[in-house]
Amino acid sequence: MNTRLSFKAQITWLLTGLILITVIFLTASNWFRFAAYAEKQIERQMYFAQNVLEQTLSSQEQVLITTAGVLASDFGFKQAVATQDKKTVASVLLNHGKRINADLMLILDLEGKLSTTSSLHSFDTNTIEENINKLPFREIHAQTLSINNKVFQVIVVPVKAPRIIAYTVIGFEFDHAALLQLKELTALEVTLIQNNQIIASSFERSKINEQLLVSTPKKSPNLLLTHADYFHKTINFGSYNKVKATLSVSLSDIKNDFNQLIFSILIIAVIVIIIAITFSSLLSKSLSTPLNILMEVTKKIGRGELNVPILANRLPTEFSELYQGFSVMGAAIENREQAIIYQAERDLLTGLYNRLKALTEIKNHFKDQKNLVLITFNIKGFEVLNDTIGVNNGDVILKEIAARISVYVEKLNRTLHEKVITARSNSNEFLIAISIKKTDEMKHLIELLQSELNRSFWIDDIKINLSLYFGVANSIEHGKEPERLLRRSTMAIASAYQEQVLLRFYKDGEDEAYLYKLQLIEELKIALESNESPLFMNYQPKLNISTGKVDKLEALIRWINKNGDFVNPELFVSLAEKAGLIVSLTRWVILNVIQQIQRWNKLGYQFKVSINLSAQDIQNEEFVEYLLTAVKKHQVAPTQITLELTERDIADNEELVIARLSHLKSLGFAISVDDYGIGQSSLAKLKSLPVDELKIDKTFILSLEKCQKDQDIVSSTISLGHKLGLSVVAEGVENKESLLLLKEFQCDYAQGYYLSRPLTAEKLIEWYKTYESPL
Amino acid sequence: MDSLKFILFISLLLRLLTFMPLAFGQTLIKIVDQNNAPLPDAVIEYTLENSILNGTNVKRTYIIDQLNKSFVPHVLIVPENSFVNFPNSDDIRHHVYSFSPAKTFELKLYAGKPKSPVLFEHAGVVVMGCNIHDSMVGYIYVSTKENTYLSDNNGSIILPHDLPLTTQLRVWHPNSKIGLSKHTLFSVDSLIKKNNEITLIISVNEPAPRSTFESLAIHEH
């Protein structure tokens, strides 16, 4: 699972590593010490061997000299030599040579000529004379000498009778046997070398070459590494310079000793490593077993199995305590979890389900292919009630409602044995979902609930009657989608409000209209942000009745949505107001209109254009700033722009609106009161408003020519406006008769289908060019 | 004892002769080695043209004594066919021998006087030794010439007559470098002869250093 080493492996590696490092250091240290020791040993051995060799040679010389001297003094020998009886002399040499085991017996005359020889070696006369003559004569002495690659210890003895009459040369060869004797004495192999050629050796003949042809190893720790079996040292052999002796120390013993040492270290290391592995596995087992148990427990807790079983195995104290800790922790988590679940699912005030849990429950219910009636109700004016009796008392009422719902549910359970879901789905909205099989069961259930809830509520001694609006939807008719069903039932509450009825069933299509509006709002957001906006402006001309010319326009926003449908401007403007998009929308309009005015100005058309504002626009902090910036940027005079507001818009936060309007008016913008005459048209207000224009609502104009009352209202309103110094516009002019009446009433401007429908900027200019005044 | 006196007498006589001015008709021959040191025991022989062999065939017996482990005299000149006696004056025995071609003889271990003298019938140098005492070496010069003389301790020989020019002198010495069996030849001419004095130079070997087995053996005795 994990690429990293397990605990056990780590312990094992640690111990093994430590041991191996120790062994390596020990071995290395032993190596160097042993190498140094071996070197010293070899040096000492060499030194002693050299001394022994020299001593041996010289004492052997002395013995031989003595022996040879005695031989040469023998009268018979002298006599034989003196008489020069060659045969006799030869036999004497042989005889005497055997006496002292000489390998070489020669007689030389005083000139160094060979006179007689008796030798086991058959050298020819010349060779002997050539080699022997190198020797100094006259007195008895010993020397090493090589003849034809044989090395002899040679004793030269003058034969005196009594004067020197000849010289006897007695030689002892250093052959293999002699060198073996030297080997016995020195404990080293001895090899004699002349001119880099091996003459004789104590080595076995077969071994000689391989041993001595290997280059002599230098002194170093490598001594133990070398493949050579011997360490060699070459010294002078006797007094004769030409012949060298090579002493060879066998390295095999040293190597064997060292190998044994290393071997025993390795054996110990292996034993210790085995012990370490055993120990580490025991240790890790004693740790990992409880760890595994604890790990299992934590995994269980992680899965939500919070019941920690009682510890079965006996564990070390620390682990037992830890295990207990986990057990306690599991219990604590369980408690907390339940509390959290309760809080997550319940309305804390009433103990009923919250909206989310209710939806889940409804969903679960639908899984069993069962149907529900969803009864929701709302307390009318609950906020006002809260303000009146206080929040605490409000809460008491909510609790009382919950209690009554519980009573109701109990009653139902006695008869139905069906599940009832109850929830407080919003601050003052409750939900009761009851299982039904047919739609006609609903009426009875609702009536039962209403009878329970409609009784008066008492707070202390105060009696309170609540108006509860019920909205009902059921899954048989309205689908089994919990969210949608709940929405439909609350929508029915809203309809109940509007229709001022206490009980309202959801009607098909209401939800779709609602969704359509939501969709429009989403589309509008996108439309306001996109460069290729599906929004566009139409302009409806206003005819100056006194001049018969069109010099004013009303800008009207239009929208063709992505389905290609023309969206009712009143609908989407009111949606924009509710969705908080109106400020953006108005800005879009302002920018487009000002840009259009700028284009027209350049083309030579001078129109005053009016823009419709909402209450939110005029109250917006940045509205004036934005308007001014746009006007300045596009070099349009404020006097070319008229701002239209309804009386209702002005009534909302009146003081601020009046201040704003006064400011705008002072900057040169014209202010117009739209839809005058249908709202709360207050003359008192009209008196104090900074207004330039009055627009008489089209309801008075549309059938002006037929209705005397309309004519009276319009004519008096116009004269009222004029009296107040306002210009008056009539909108909704649809025929010539109305127009002529308006002229008669001295109305200032007329607007309506009789003149022109709202047109796009291009079509307006086309229309304008061909327009002829009907007056 | 007699011999000692004799030697003393002889040496005294020789000394007197040396220091005495040469009489008329005498010739002094001085023999020195290469280091100009007087060389005793050198033998000179020569032949005079007008000499008349005095035919005296008187057989005389010569003596070589053995005294203090040495032959006395060291060198003895005898004419051909002379007898030499080898009395032993030491209180130890000697074994006198010679392997020389001129005369090979052996007188086995004896003390006092041997039974009979030894006859030296051939001319030549006879080297004598003692088989028991290696250091004992003596020489008998068996001469055929009438005029054969031995140098004294001063290396001097006084000849009783004048030595004419062109006389061939044959000089022998036991340590001569040219060897025991050879003579060094000199021709008497005006160069070497001055006022009846002749100086002859003979190269000799240094006596062997006695550091060997031999010397050890001697020290032991």
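Top line first, the protein sequences correspond to chains V and C. Those letters in the first sequence? Residues 1 to 775, by the numbering used here. Those letters in the second sequence? Residues 776 to 996, by the numbering used here. By construction, the Cβ of each residue, glycine as well, lies at the ideal position given by its N, Cα and C atoms.
Verify whether the separation of the beta carbon atoms of residue i and residue j is less than 8 Å.
| i | j | result |
| --- | --- | --- |
| V:SER248 | V:GLU189 | yes |
| C:LEU894 | C:PHE861 | no |
| V:THR168 | V:LEU114 | no |
| V:ALA403 | V:ASN354 | no |
| C:ASP816 | C:SER926 | yes |
| C:MET814 | C:GLU972 | Checking the sequence, you will find Leu at residue 814 of chain C rather than Met. Result no, Cβ atoms of C:LEU814 and C:GLU972 do not sit closer than 8 Å. |
| V:GLN143 | V:VAL151 | no |
| V:LEU453 | V:ILE375 | no |
| C:VAL902 | C:VAL917 | no |
| V:VAL373 | V:ILE421 | no |
| V:HIS634 | V:ILE594 | yes |
| V:PRO482 | V:LEU352 | no |
| V:SER250 | V:TYR230 | yes |
| V:THR246 | V:LYS233 | yes |
| V:ASP710 | V:SER703 | yes |
| C:HIS849 | C:TYR924 | no |
| V:PHE366 | V:LYS480 | yes |
| V:SER780 | V:VAL308 | Past the edges of chain V, shown from 1 to 775, lies residue 780 of chain V, and the structure says nothing about it. |
| V:LYS160 | C:ASP909 | yes |
| V:LEU468 | V:PHE382 | no |
| C:LEU940 | C:LYS968 | yes |
Would you kindly report the start and end of the unbroken beta strand (DSSP E) that includes residue i?
| i | result |
| --- | --- |
| V:HIS141 | 141-147 |
| V:VAL609 | 608-612 |
| V:GLN751 | 749-751 |
| V:SER91 | Here V:SER91 belongs to no beta strand (DSSP E); instead the alpha helix (DSSP H) covers 86-100. |
| C:THR802 | 802-808 |
| V:VAL728 | 727-731 |
| C:TYR916 | 912-918 |
| V:ILE375 | 371-379 |
| C:TYR821 | 818-821 |
| V:GLU644 | 641-646 |
How would you label residue i, buried or exposed, when you count the other beta carbons within 10 angstroms and need 16 or more for buried?
| i | result |
| --- | --- |
| C:GLU931 | Note that residue 931 of chain C is Ser in the sequence shown, not Glu. Looking at its Cβ environment, which holds 16 or more other Cβ atoms inside 10 Å, C:SER931 is buried. |
| C:ASN906 | buried |
| V:ASN413 | exposed |
| V:PHE279 | exposed |
| V:TYR330 | The sequence given here has Gly at residue 330 of chain V, not Tyr. Under this definition V:GLY330 is a buried residue. |
| C:ILE993 | Per-residue confidence for C:ILE993 stands at a pLDDT of 37, beneath the threshold of 50, marking its modelled position as unreliable; the derived number appears in the next sentence. Flag for C:ILE993 reads exposed. |
| V:ASN600 | Correcting the residue identity first, residue 600 of chain V is Trp in this sequence and not Asn. The residue is buried, with at least 16 neighbouring Cβ atoms inside 10 Å. |
| V:ARG504 | buried |
| V:TRP559 | buried |
| V:GLU318 | exposed |
Considering only C-alpha positions, which residue in the set the options is nearest to residue i?
| i | options | result |
| --- | --- | --- |
| V:ASP674 | V:SER59, V:GLN711, V:SER727, V:ASP395 | V:SER727 |
| V:LEU266 | V:LYS437, V:GLU510, V:ALA28, V:VAL308 | V:ALA28 |
| C:GLY904 | C:ARG945, C:VAL807, C:THR879 | C:THR879 |
| V:ASN561 | V:LYS542, V:ILE526, V:LEU591 | V:ILE526 |
| V:ALA513 | V:VAL501, V:MET491, V:GLU532, V:LEU306 | V:MET491 |
| V:ILE262 | V:LEU720, V:GLN598, V:TRP31, V:MET537 | V:TRP31 |
| V:VAL729 | V:PHE745, V:GLU737, V:ASN735, V:ALA38 | V:PHE745 |
| V:ALA102 | V:VAL472, V:GLN55, V:LYS86, V:VAL156 | V:VAL156 |
| V:ILE198 | V:PRO158, V:HIS176, V:THR56 | V:HIS176 |
I need the boundaries of the alpha helix (DSSP H) containing residue i, first residue and last residue.
| i | result |
| --- | --- |
| V:ASN131 | 125-132 |
| V:ARG44 | 7-73 |
| V:HIS232 | Unbroken run through V:HIS232 is the beta strand (DSSP E), 230-236; no alpha helix (DSSP H). |
| V:LYS160 | That residue, V:LYS160, is in no alpha helix (DSSP H); its beta strand (DSSP E) goes 150-160. |
| V:THR760 | V:THR760 -> no alpha helix (DSSP H), and no H or E assigned at all. |
| V:TYR497 | 482-499 |
| V:PRO569 | 569-579 |
So if DSSP puts residue i in a beta bridge, which residue, or which two residues, is it bridged to?
| i | result |
| --- | --- |
| V:ASP257 | V:ASP257 is not bridged to any residue. |
| C:VAL871 | C:LEU882, C:CYS905 |
| V:GLU189 | V:SER248 |
| C:PRO854 | C:SER918 |
| V:VAL472 | V:ILE375, V:PHE505 |
| C:TYR924 | C:ILE819 |
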